[in-house]
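K.L.:
One structure, as structure tokens, below. Some questions next.
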């Protein structure tokens, strides 16, 4: 959600009763600080920041988030263990994203507060397990709250996640088409027009597979895979491509990271409307199931 989950969307989500998360990606610390200050101007509700631990700025960003006293830090692409004491001393909850049971257990032993179990249906960097398979295994393996992510778009997805033992859900793709999301309109149009088989995973040979919507860039990545190109070629082709799509609107040669549920996104809506739709839908399904059990 780098270049997607910026201050405007984050504040709108938190104001609507969710927990908005700034996607810091590879952004420099000053940009992250500006985003944090902007969210604070727009809402007094709690919000968080996602830190990609492979970023060269990760440690500096962690320290500025401690200064800013954000409520939650979510992490990806690494182990936040060395930052836990620093974050916890500032009263910040730490919730890493995991794609396997082994990683989940290791992070819980290090002292994290909760986990986001993310299946391969999600957009962006993915693992190999589906949400349906991953979430209950992680729930059974750890004693901290588990949040489900990947392939969740509406009340049915949220209800299913809760039935699997999750305490809540993380959603990304549907919020690309939130009214408050600042991504380029071409990206929103591409998501809305997506069909069920319009995402693809590229970059598996690099060890960092990414799910994107099919376009000319994705085709070039697949061509590199077919001829077993060296890692340097993948890196060179991928530099700056997410911003090229999300900010500049190049949906041909930019990286349009989106999950398989893109095909379920029908329209641009305010964040509050999206959240109300998902929560109300889940409540109605769960109520219906309870009634059937009682009958």
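Numbering (the numbering used here), first residue to last: 582 to 876. Using N, Cα and C, we set each Cβ at its ideal position, and we do this for glycine too.
I'd like the ranges of any beta strand (DSSP E) spanning at least 3 consecutive residues and lying wholly in the region 689 to 777.
P.N.:
Those beta strand (DSSP E) runs which fall completely within the region 689 to 777 and span 3+ residues are 696 to 699, 727 to 730 and 749 to 751.
K.L.:
Just to confirm, is the Cβ distance from residue 734 to residue 849 under 8 angstroms?
P.N.:
To locate residue 734, count along the chain shown from 1; it is residue 153. To locate residue 849, count along the chain shown from 1; it is residue 268. No, these two residues do not count as a Cβ contact at 8 angstroms.
K.L.:
Could you check if residue 631 is buried or exposed, using at least 16 other CB atoms within 10 Å of its CB as the buried criterion?
P.N.:
Counted from its first residue, the chain shown places residue 631 at position 50. Buried: at least 16 other Cβ atoms inside 10 Å.
K.L.:
So within the region 796 to 851, which uninterrupted alpha helix (DSSP H) runs reach at least 4 residues, ignoring any that extend past its ends?
P.N.:
797 to 807, 812 to 819 and 822 to 827, all fully within the region 796 to 851.
K.L.:
Give the C-beta separation of residue 861 and residue 736 to the nearest angstrom, bearing in mind that I take them to be a contact with Cβ-Cβ under 8 angstroms.
P.N.:
In the chain shown, counting from the first residue as 1, residue 861 sits at position 280. In the chain shown, counting from the first residue as 1, residue 736 sits at position 155. The Cβ separation is near 7 angstroms, so the contact holds.
K.L.:
What are the start and end residues of each continuous beta strand (DSSP E) run of 3 or more residues lying completely inside the region 630 to 700, in chain order?
P.N.:
The region 630 to 700 contains these whole beta strand (DSSP E) runs: 653 to 657, 674 to 679 and 696 to 699.
K.L.:
Could you tell me the boundaries of the beta strand (DSSP E) in which residue 792 lies?
P.N.:
In the chain shown, the residue the question calls residue 792 occupies position 211. Residue 792 -> beta strand (DSSP E) spans 791 to 794.
K.L.:
Measuring only the C-alpha atoms, how far is residue 847 from residue 670?
P.N.:
Locating residue 847 in the chain shown gives position 266, counting from the first residue. Locating residue 670 in the chain shown gives position 89, counting from the first residue. Between residue 847 and residue 670, the C-alpha separation is close to 43 angstroms.
K.L.:
From the DSSP output, in three-state form, read off residue 620 for me.
P.N.:
Looking up residue 620 in the chain shown gives position 39. Of the three classes helix, strand and coil, the one that applies to residue 620 here is helix, per DSSP.
K.L.:
Between the region 634 to 646 and the region 682 to 689, do at least 3 Cβ pairs fall closer than 8 angstroms?
P.N.:
Contact between the region 634 to 646 and the region 682 to 689 is absent, because fewer than three Cβ pairs lie under 8 angstroms.
K.L.:
Assign residue 868 to one of two classes, buried (16 or more other C-beta atoms within 10 Å of its C-beta) or exposed (fewer than that).
P.N.:
Within the chain shown, residue 868 is the residue found at index 287, counting from 1. The residue in question, residue 868, is exposed, as its Cβ has fewer than 16 Cβ neighbours within 10 Å.
K.L.:
For residue 604, which beta-bridge partners are listed by DSSP?
P.N.:
Your numbering for residue 604 matches position 23 in the chain shown. According to DSSP, residue 604 bridges with 631.
K.L.:
Give me the residue from 844, 689, 677 and 673 with the minimum Cα distance to residue 730.
P.N.:
Within the chain shown, numbered from 1, the residue matching residue 730 stands at position 149. Among 844, 689, 677 and 673, the Cα nearest to that of residue 730 belongs to 677.
K.L.:
Below 7 angstroms CB to CB, which residues in the same chain sit around residue 626 once its five sequence neighbours on both sides are set aside?
P.N.:
Indexing the chain shown from 1 puts residue 626 at position 45. Counting only Cβ-Cβ distances below 7 angstroms, and skipping sequence neighbours, we find 595 and 596.
K.L.:
Would you mind sorting residue 811 into buried or exposed? The rule is 16 or more other CB atoms within 10 Å of its CB.
P.N.:
Counted from its first residue, the chain shown places residue 811 at position 230. Per the 10 Å Cβ criterion, exposed.
K.L.:
Give a yes or no on whether the C-beta atoms belonging to residue 606 and residue 633 are separated by under 8 angstroms.
P.N.:
Within the chain shown, numbered from 1, the residue matching residue 606 stands at position 25. Within the chain shown, numbered from 1, the residue matching residue 633 stands at position 52. Yes.
K.L.:
Could you check what DSSP says for residue 587 in three-state terms: helix, strand or coil?
P.N.:
The count along the chain shown starts at 1 and reaches residue 587 at position 6. Three-state result, residue 587: coil.
K.L.:
Sort out for me which residues DSSP pairs residue 866 with in a bridge.
P.N.:
For this step, residue 866 is matched to residue 285 along the chain shown. None; residue 866 has no bridge partner.
K.L.:
Alpha carbon to alpha carbon, how far is residue 871 from residue 608? Give it in angstroms, no decimals.
P.N.:
For the purposes of this step, residue 608 is taken as residue 27 along the chain shown, with counting starting at 1. For the purposes of this step, residue 871 is taken as residue 290 along the chain shown, with counting starting at 1. Computed Cα separation, rounded: 46 angstroms.
K.L.:
In terms of DSSP beta bridges, what is residue 781 paired with?
P.N.:
By 1-based counting over the chain shown, the position of residue 781 is 200. Paired residues: 793.
K.L.:
Would you check if the distance between the CB atom of residue 839 and the CB atom of residue 704 is smaller than 8 angstroms?
P.N.:
As a first step, residue 839 is located in the chain shown; it is residue number 258 there, counting from the start. As a first step, residue 704 is located in the chain shown; it is residue number 123 there, counting from the start. Contact flag set, yes.
K.L.:
Please go through the same chain and pick out, in chain order, the residues whose beta-carbon is closer than 6 angstroms to the beta-carbon of residue 720, but skip the five residues on each side of it.
P.N.:
Your numbering for residue 720 matches position 139 in the chain shown. For residue 720, where only same-chain residues beyond five positions count, the Cβ hits under 6 angstroms are 727 and 746.
K.L.:
How would you call residue 863, buried or exposed, if buried means at least 16 neighbouring beta carbons within 10 angstroms?
P.N.:
Mapped onto the chain shown, residue 863 falls at position 282. Buried, since its Cβ has 16 or more Cβ neighbours within 10 Å.
K.L.:
Skipping 5 residues on each side, what residues in its chain have a beta carbon closer than 7 angstroms to that of residue 777?
P.N.:
Translated into the one-based positions of the chain shown, residue 777 becomes position 196. Excluding positions up to five away in sequence, the list reads 844.
K.L.:
Looking at residue 772 and residue 826, is the spacing between their C-beta atoms short of 8 angstroms?
P.N.:
Counted from its first residue, the chain shown places residue 826 at position 245. Counted from its first residue, the chain shown places residue 772 at position 191. Their beta carbons are not under 8 angstroms apart, which means residue 826 does not touch residue 772 by this criterion.
K.L.:
DSSP on residue 786, reduced to helix/strand/coil?
P.N.:
Position 205 of the chain shown, counted from the first residue, corresponds to residue 786. Helix, per DSSP.
K.L.:
Put residue 597 into one of helix, strand or coil per three-state DSSP.
P.N.:
Position 16 of the chain shown, counted from the start, is the residue given in the question as residue 597. Reduced to three states, the DSSP call for residue 597 is coil.
K.L.:
Smallest Cα separation from residue 586: which of 858, 852, 835 and 857?
P.N.:
Translated into the one-based positions of the chain shown, residue 586 becomes position 5. Residue 852 is the option with its Cα nearest to residue 586.
K.L.:
Comparing the CB of residue 728 with every heavy atom of the ligand FAD, is any distance shorter than 7 angstroms?
P.N.:
In the structure shown, the ligand FAD is absent, as is every other ligand, since no ligand is present at all.
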